[in-house]
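Numbering follows numbering that gives the first Met the number 0, with no gaps: position 474 of the sequence shown is 473. Think of the CB as a built atom: it goes at the ideal place given N, C-alpha and C, for glycine as much as any other residue. From a predicted model like this one, the values you see are computed outputs, not experimental measurements. Here's the structure we're looking at; comments come further down.
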Amino acid sequence: MPKKLNTYRRLFAYLRPYRSQLIIAYGGMIAAVVFQLAIPQLIKTAIDDALAQGALRGLLWSSGLIVGAATLRALATFCRLYYAEWLTHRVSYDLKNDFYNAVQFLPFAFHDQAHTGDLMSRATSDIGETERFVGIGGVDLLSTMILLVGVIGSIFVESGEHVQLAWLSMIPLVVLTGVAVRFGYNARTLFKMMQEQLGTISKIMQESLTGIQLVKAFAREEHEFNKFEKENQEWFRRRVNLISTWANNWPFMTFLVSVSIFLLLWVGGPLAMDGGITVGSLFAMISYVLLLNGPVQRVGFLANLAASAGSAASRVFEIMDTPHDIQEVAQPQAMERANGRIEFKNVSFGYSADRQILHDLTFEVEPGQTIALIGPTGSGKSSVTNLIPRFYDPSAGQVLLDGVDIRELGVADLRQQIAMVLQDSFLFSDSIAENIAYGRVSASFEQIQEAAKAARAHDFILRFPDGYQTMVGERGVTLSGGQKQRVAIARALLADPRILILDDSTSSVDTETEFLIQQALETLMEGRTTFVIAQRLLTLKSADHILVLDHGRIVERGTHDELLANHGLYREIYDLQLKDQEELSTIH
């Protein structure tokens with residue numbers, strides 16, 4: 000329970016910066032309830048003191064007061080609704096910003112385990128649950144509670160010495176409250192089930208549309224439709240269950256209000272005729288019961304909204320509170336422009352304590368050198384390059400940049416020295432120019448073009464009708480694999496880093512294109528420390544040093560010719576994978 004209370008306390012803390020809007024919203028709510036409770040009293044006065052006495056002037060005066068109270072209530076209700084909704088969406092705005100910011104800065108280790116769909120659900124559905132409660136839901140819940148207390152008190156006051164009349168009218172209202180709470184709980188559960196099924200439908204649709212080429216290649220359109228239709232049918236069934244629950248409960252709740260009025264008239268009518276209570280008091284009691292009709296029916300919804308908001312908020316805060324594995328020192332060393340000397344000292348690393356990937360790696364790379372990493376799948380090549388920008392920290396040993404342990408540098412300063420071209424090049428749904436300039440947003444159009452020319456991307460970009468303003472589509476689907484890779488290389492080159500990491504960056508291009516890119520890179524990598532993970536012979540031949548990894552250890556190191564002469568693992572890889580490339584290049 001304390002943890003739950005802390006969640007609510009933290010959630011409502013988002014309202015703290017907006018005290019003015021909060022005061023207006025809750026002040027308007029209280030004023031609206033007061034005027035709502037006053038109107039039956041004004042009607043009572045009009046009946047007992049004006050109609051019963053035949054006083055036209057008093058009747059007109061009472062009518063004016065009723066209109067005035069109704070007008071003030073309308074103004075107060077406007078303040079309540081407008082500012083409660085404003086607070087709802089402002090809290091949502093702030094919470095989404097905090098959540099998204101937290102996700103952006105969480106380390107790679109977190110994203111290795113997290114599911115994108117789950118994060119999207121927390122960012123949309125869970126925040127949606129919390130925003131409705133913190134804003135309009137909280138105001139409505141408090142308004143209902145105040146109105147409920149006010150109405151019950153007013154009914155007992157109006158009953159006077161005939162308190163049994165008030166107790167009698169409460170019986171259906173107590174049942175109504177119980178039914179409303181149960182209905183709210185059931186409806187909430189059914190609605191949640193329906194939303195979960197909607198998420199399943201969305202997942203199927205996303206997978207099918209993302210893999211539409213594969214679907215069509217295997218003529219599986221009918222299979223995909225049947226799969227979607229099955230889940231869609233389940234969603235419809237759950238929706239009908241919700242409708243049935245609504246239809247079964249709502250008329251009964253309305254009937255209970257009518258029963259309460261019936262009891263008031265059945266018992267209170269004779270009392271009014273005998274003079275035990277006034278007609279105005281009886282009418283006021285009936286009016287108060289009618290006032291409770293809507294709010295009491297909402298009690299179940301609001302109570303369960305509060306409960307689900309607490310659960311949803313805890314899921315959101317769970318991500319925001321995830322500890323960062325990559326911690327910065329209190330006063331990091333400044334490094335405006337690195338020389339580019341990289342040193343690994345007895346580095347070991349594992350993604351978990353029982354899953355060691357790298358074992359006691361030691362090597363040095365001088366500024367401007369090109370280091371090629373090669374080895375079987377799973378040998379740890381990408382893990383080596385992931386340690387340089389501190390995507391992960393080693394479990395033992397040190398990684399140094401210009402003689403400084405990279406853990407002593409600010410993460411942002413460190414990563415500004417580095418540019419990467421990943422094996423699976425990702426492009427945003429934006430123009431080609433914007434994608435190239437992603438790592439250097441201040442770049443001019445001429446600089447973007449120069450980077451594209453160096454990456455041998457300029458010519459194919461100009462062949463598009465919109466040139467550099469061509470939208471690449473979701474994940475760059477409008478470009479071929481080789482085109483995406485060259486745009487990614489241009490993006491890295493434009494960032495002008497001191498350290499360049501190419502993770503199998505020429506794997507998606509043909510031999511001719513690779514040769515053109517390699518020519519450009521030879522010039523542009525001059526004076527820049529470069530790590531290359533490649534399976535292409537041309538890349539390996541031009542490297543200053545080659546590190547051969549196997550099971551997370553450096554088993555060989557040297558140049559291409561030196562390693563061939565060793566007749567070790569590199570020679571095996573060469574004979575199996577690279578010799579054909581050399582023979583092909585000889586033919587050409």
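- For D273, there is no enclosing beta strand (DSSP E); the residue is found in the alpha helix (DSSP H) stretching over 220-273.
- Distance between T253 and S19, taken at the CA atoms: about 38 Å.
- Closest by C-alpha distance to L262, out of V531, S168, T129, L501, is S168.
- In this structure the segment 132-143 does not lie against the segment 224-238, because fewer than three pairs of beta carbons, one per stretch, are closer than 8 Å.
- Ranking Q355, G367, L386, A494 by CA distance to the CA of G377 puts Q355 first.
- If you check the CB distance, T199 and E130 do not come in under 8 Å.
- Residue burial annotation: P171 is buried, with at least 16 other C-beta atoms found within 10 angstroms of its C-beta.
- Collapsing the DSSP output to three states places R354 in a strand.
- The beta carbon of L14 sits closer than 8 Å to those of L21, L86, V90, V133, all from its chain and outside the five residues before and after it, given in chain order.
- Taking a cut-off of 8 Å on C-beta distances, the segment 331-345 touches the segment 400-413, as three or more cross pairs fall below it.
- A Cβ-Cβ contact shorter than 8 Å links I572 with I373.
- By the criterion of at least three beta-carbon pairs nearer than 8 Å, the segment 62-69 is in contact with the segment 30-39.
- Under the Cβ criterion (8 Å, minimum of three pairs), the segment 37-44 does not count as touching the segment 90-106.
- Less than 8 Å divides the Cβ of G136 from the Cβ of A308.
- With respect to L548, G379 sits close: the two C-beta atoms are nearer than 8 Å.
- With a 10 Å radius around the Cβ and a threshold of 16 neighbouring Cβ atoms, D125 comes out buried.
- For the 8 Å CB-CB criterion, F316 and R570 do not form a contact.
- Of the other Cβ atoms in all chains shown, 16 or more fall within 10 Å of the Cβ of I387; this residue is therefore buried.
- For V174 against L291, the beta-carbon gap comes to about 13 Å, at or over 8 Å, which does not count as contact.
- Under the DSSP definition of a beta bridge, D549 partners with R552.
- Note on geometry: alpha-carbon atoms of I447 and A489 lie some 8 Å from one another.
- As the crow flies, the alpha-carbon of K344 is around 9 Å from that of E363.
- In the DSSP assignment, T123 falls outside any alpha helix (DSSP H), carrying neither H nor E.
- Shortest Cα-Cα distance from G127 to any of S430, D423, D429, L304 involves L304.
- Taken through DSSP and simplified to helix, strand or coil, V471 comes out as coil.
- Secondary structure note for A432: its alpha helix (DSSP H) is the uninterrupted segment 431-435.
- In this structure, L413 lies away from E342, with their beta-carbon atoms at least 8 Å apart.
- Beta-bridge analysis with DSSP links S347 to A395.
- With a cut-off of 8 Å on Cβ pairs, the segment 477-494 is in contact with the segment 448-456, counting three or more such pairs.
- Scanning F77, T529, A564, M204 for the CA closest to the CA of V420 turns up T529.
- Comparing alpha-carbon positions, the option among F217, W249, S428, K202 lying closest to N231 turns out to be K202.
- Around the CB of T6, 16 or more other CB atoms lie within 10 Å, so the residue is classed as buried.
- Distances from the CA of L289 to each of R455, V258, G268 were compared; the closest alpha carbon is that of V258.
- By alpha-carbon distance to S61, the top candidate from L80, Y81, Q40, A24 is Q40.
- In the structure shown, G377 adopts coil according to DSSP, grouped into three states.
- A distance below 7 Å between beta-carbons, with the five flanking residues on each side excluded, links S347 to the following residues of its chain, in chain order: Q355, L357, H358, D359, P393, S394, A395, G396.
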